[in-house]
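In what follows, a single structure is set out as structure tokens and then discussed.
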Amino acid sequence: VEGRGFQPEAYTGLGLLYKGRAESSDPDSDEQAANYAEATKNLRVALKQLGTAPDAPIIYQLLGLNLEKQKKYAEAIAIYQEFLRRFPDTPEAESVESFIVQLRKQMKGEQ
1 VEGRGFQPEA
11 YTGLGLLYKG
21 RAESSDPDSD
31 EQAANYAEAT
41 KNLRVALKQL
51 GTAPDAPIIY
61 QLLGLNLEKQ
71 KKYAEAIAIY
81 QEFLRRFPDT
91 PEAESVESFI
101 VQLRKQMKGE
111 Q
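In this note's numbering, the protein residues as written are 1 to 111.
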């Protein structure tokens with residue numbers, strides 16, 4: 001069946017659901033970590049399926065933020081850099097560039 005498994009909206013919805021659960025969990029708990037991990041997994045699938053579709057820039061930002069919450073700063077930077085490669089002329093590009101700068105500062109501070 002053509003399109004089988006291609007459901008970026010469903011994966012985005014699941015990503016947002018688990019992100020919401022993580023944010024309402026006890027900070028630094030196993031439950032929070034598991035929910036962020038599940039959100040990340042679903043957002044990655046949505047992003048892979050969307051490619052350069054109009055909704056993709058939002059998913060890149062959600063995924064980057066989700067990775068930041070997990071303190072996976074290098075992965076977040078990689079996602080933001082991919083966003084800038086694919087969507088250099090979007091209104092959000094300047095903000096995404098500043099996210100990268102802030103994350104690099106944060107990574108240096110934690111060394």
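Backbone N, C-alpha and C fix where the C-beta goes; we use that ideal spot for every residue, glycine too.
Just to confirm, is the Cβ distance from residue i to residue j under 9 Å?
i     : j     : result
Ile77 : Gly15 : no
Leu63 : Leu84 : no
Asn66 : Leu50 : no
Gln7  : Tyr36 : no
Whole angstroms is fine: what's the gap from residue i's alpha carbon to residue j's?
i      : j      : result
Ser98  : Thr40  : 22 Å
Arg104 : Glu92  : 19 Å
Glu2   : Ser95  : With a pLDDT of 48 at Glu2, under the threshold of 50, the predicted position of this residue should be treated as unreliable, though the coordinate-derived value follows. If you take the alpha carbons of Glu2 and Ser95, they lie about 37 Å apart.
Tyr11  : Ala33  : 19 Å
Gly13  : Asp26  : 22 Å
Tyr18  : Asp89  : 30 Å
Pro54  : Arg21  : 26 Å
Gly5   : Gln102 : 36 Å
Since residue i is in the alpha helix (DSSP H), which residue starts that stretch and which ends it?
i     : result
Gly5  : That residue, Gly5, is in no alpha helix (DSSP H); it is neither H nor E in DSSP.
Phe99 : Ala93 to Gly109
(request) May I have a chain-ordered list of the alpha helix (DSSP H) segments no shorter than 4 residues that lie completely inside the region 27-81? (result) 30-50 and 56-69
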